[in-house]
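Chemist: Once you've had a glance at the structure underneath, I'll fire off some questions.
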Amino acid sequence: MNVDYLLIGQGISGTWLSYFLQKENKSFLMLDDKDPKAPSRLAAGIINPVTGRRHVSTWMIETLLPNAWEQYTALGKQLCIHAISHKNVTDFFPSPQMRESFVKRAGEQYEYVSIPEDQQAFQPQFSYDFGYGEIHPVYTAHLETIIPAWREKMLQENRLREEKFIAEEMDVFPDHILYKDIRAGKVIFCDGAICARNPWFRLLPFAPNKGEALLLNIPDLPDERIYKKGLLLVPMAGKNKWWLGSAYEWEFEHDQPSPAFRDKAEQTLQHWLKLPYTVTDHIASIRPATLERRPFVGLHPLHPAIGILNGMGTKGCSLAPYFAAQLTAHLVHDQPLNPEADVRRFSRVLSRNIS
Ligand SMILES: Cc1cc2nc3c(=O)[nH]c(=O)nc-3n(C[C@H](O)[C@H](O)[C@H](O)COP(=O)(O)OP(=O)(O)OC[C@H]3O[C@@H](n4cnc5c(N)ncnc54)[C@H](O)[C@@H]3O)c2cc1C
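Following this line, the structure appears as structure tokens:
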């Protein structure tokens, strides 16, 4: 089989890269081993313009936010699914200090936060003593719908094989690669956190980060928004389905759900949520995060037939559509990559790979 591109992985990165390559009429084949613990199968899909206790704008958000809305809407149309929703965050203040800091931020006419006038609106559902603010606009990308729908389309078009890629079985040449019966002009790794062990890219400064969440059934909680009090309570596709997360662990011994997170999450719920709930699942997954919190995009400095779209960290839902489009323009039209994301910023480190 002869293709322009072989893509490894159909998480949100591989999904978006294949979407844009398809729009350019390029031939490609995806290999995906359908890891049930891949973060793209477990994330809540939030696209939030602010981060941290001081609510600072996230990197490139002025560009990424409208881009995400536009691209997910177009993808949803193509797949006949609902791919993105507008769900602002209602942020319950855990302390008077946090309230003060939020009020100050809102007073600076900062466009992404405000204090709603009616501070009693959520008394029937939640216990809270210090009021709440609103973060806006916030979107949720419906990964639980998008990833399987795109997979189905790729399978029907014979553009995806459900199998594990084995690096040792690939031969690399300057202008193509050979893998089993496949000859491809280039291979692009969209393989998530496992890439930290990839023979060509393992020297990149990956900093895998573990996240956990509880899946809940909560009847009677209005689902037009996300609620936050330390953890985020996010409405998911399906009646009464909610996601509560997440942990951010830089050091961890295993990738399994931990009793410590479950205790913390249940305690948060007991002090906060007034409605009855049931826990239906407890999930854990490893984010493909990077030391300097920027993605890895582009071609290997020594092996131009090998590329990467990875390092999406905590922001895959907004970064993947933007950088998949940029990588496609780079591959097909030789357009430049954002230097902060271009993997060739690590040329020296990656050149050590040959020894
Ligand atoms: C608990 C949690 C909550 C999160 N919440 C959010 C959020 O709200 N918003 C947000 O933007 N981001 C969130 N993230 C981060 C987000 O999930 C990731 O940034 C994103 O999913 C990474 O996507 P990816 O496609 O690069 O990698 P992955 O999702 O890891 O996908 C890699 C794919 O490659 C396949 N694969 C790997 N190796 C091979 C191989 N050798 N052969 C074949 N296939 C292979 C895997 O099966 C998988 O399908 C969250 C992450 C976690 C863990």
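The sequence shown runs 1160 to 1514 under the numbering used here. Just so you know, even glycine gets a beta-carbon here, dropped at the ideal spot from N, CA and C.
1) Taking the continuous beta strand (DSSP E) assigned at P1394, which residues delimit it?
2) Determine whether the beta carbon atoms of V1456 and G1470 lie at a separation below 9 Å.
3) Check whether the Cβ atoms of S1186 and A1483 sit closer than 9 Å, and answer yes or no.
4) Give a yes or no on contact between the region 1332–1344 and the region 1353–1365, applying the rule of three or more CB pairs nearer than 8 Å.
5) If you measure between the beta carbons of V1162 and L1363, is that distance less than 9 Å?
6) Of all the options S1244, P1296, Q1282, D1288, which has the alpha carbon lying nearest to the alpha carbon of V1272?
7) In angstroms, rounded to a whole number, what distance separates the CA positions of A1443 and H1413?
8) To the nearest whole angstrom, what separates the beta carbons of G1466 and K1345, a pair I think is in contact under 8 Å?
9) What residues match up with N1161 in a beta bridge as DSSP calls it?
10) On the CB-based measure, 16 or more other CB atoms within 10 Å of its CB, does N1317 come out buried or exposed?
11) Return the residue from the list S1177, C1476, L1165, L1319 that minimises the CA-CA distance to K1488.
12) If contacts are defined as beta-carbon pairs under 8 Å, then I1445 and A1352 qualify, I think. What distance do you get, rounded to the angstrom?
13) Span of the alpha helix (DSSP H) holding W1401?
14) Determine the burial state of S1510: buried for a count of at least 16 other Cβ atoms within 10 Å of its Cβ, exposed for fewer.
15) Would you kindly work out how many angstroms separate the C-alpha atoms of Y1298 and A1308, rounded to a whole number?
16) Excluding five sequence neighbours on each side, which residues of the same chain lie with their C-beta closer than 7 Å to the C-beta of C1516?
17) Does the Cβ of A1202 lie closer than 8 Å to at least one heavy atom of ligand 1?
18) When the Cβ atoms of the region 1390–1401 are set against those of the region 1369–1376, are three or more pairs found closer than 8 Å?
Modeler: The answer reads as follows:
1) Numbered from its first residue, the sequence shown carries residue 1394 at position 235. 1390–1394 is the span of the beta strand (DSSP E), which, as asked, contains P1394.
2) The sequence position of residue 1456 within the sequence shown is 297, counting from 1. The sequence position of residue 1470 within the sequence shown is 311, counting from 1. In this structure, V1456 places its C-beta atom within 9 Å of the C-beta atom of G1470.
3) Position 27 of the sequence shown, counted from the start, is the residue given in the question as residue 1186. Position 324 of the sequence shown, counted from the start, is the residue given in the question as residue 1483. No, they are not a contact pair.
4) Flag = no, the region 1332–1344 and the region 1353–1365 do not touch.
5) To locate residue 1162, count along the sequence shown from 1; it is residue 3. To locate residue 1363, count along the sequence shown from 1; it is residue 204. No. Outside cutoff.
6) What you label residue 1272 is simply residue 113 of the sequence shown in a count that begins at 1. Checked all of S1244, P1296, Q1282, D1288; the closest Cα to V1272 is P1296.
7) Along the sequence shown, read from residue 1 onward, the residue named residue 1443 stands at position 284. Along the sequence shown, read from residue 1 onward, the residue named residue 1413 stands at position 254. Looking at the backbone, the Cα of A1443 and that of H1413 are separated by about 10 Å.
8) As a first step, residue 1466 is located in the sequence shown; it is residue number 307 there, counting from the start. As a first step, residue 1345 is located in the sequence shown; it is residue number 186 there, counting from the start. That belief holds up - the Cβ atoms of G1466 and K1345 are roughly 6 Å apart, short of 8 Å.
9) Locating residue 1161 in the sequence shown gives position 2, counting from the first residue. DSSP links N1161 through a beta bridge to R1342.
10) Mapped onto the sequence shown, residue 1317 falls at position 158. Classification of N1317: exposed, given that the 10 Å Cβ count is below 16.
11) For this step, residue 1488 is matched to residue 329 along the sequence shown. Just to set this straight, residue 1488 is Ala in the shown sequence, not Lys. The candidate whose alpha carbon is nearest that of A1488 is S1177.
12) Within the sequence shown, residue 1445 is the residue found at index 286, counting from 1. Within the sequence shown, residue 1352 is the residue found at index 193, counting from 1. With a Cβ gap of about 4 Å, I1445 and A1352 count as contacting.
13) In the sequence shown, the residue the question calls residue 1401 occupies position 242. No alpha helix (DSSP H) contains W1401, which is instead part of the beta strand (DSSP E) from 1400–1404.
14) The residue you call residue 1510 lines up with position 351 of the sequence shown. So S1510 counts as exposed.
15) Sequence index remark: in the sequence shown, residue 1298 carries index 139 (1-based). Sequence index remark: in the sequence shown, residue 1308 carries index 149 (1-based). A direct Cα-Cα distance of roughly 20 Å separates Y1298 from A1308.
16) Here the chain covers residues 1160 to 1514 and nothing more, so residue 1516 does not appear.
17) On the sequence shown, residue 1202 is found 43 positions in, with the first residue counted as 1. Indeed, a heavy atom of ligand 1 lies less than 8 Å from the Cβ.
18) Touching, yes, given that three or more Cβ pairs across the two stretches are closer than 8 Å.
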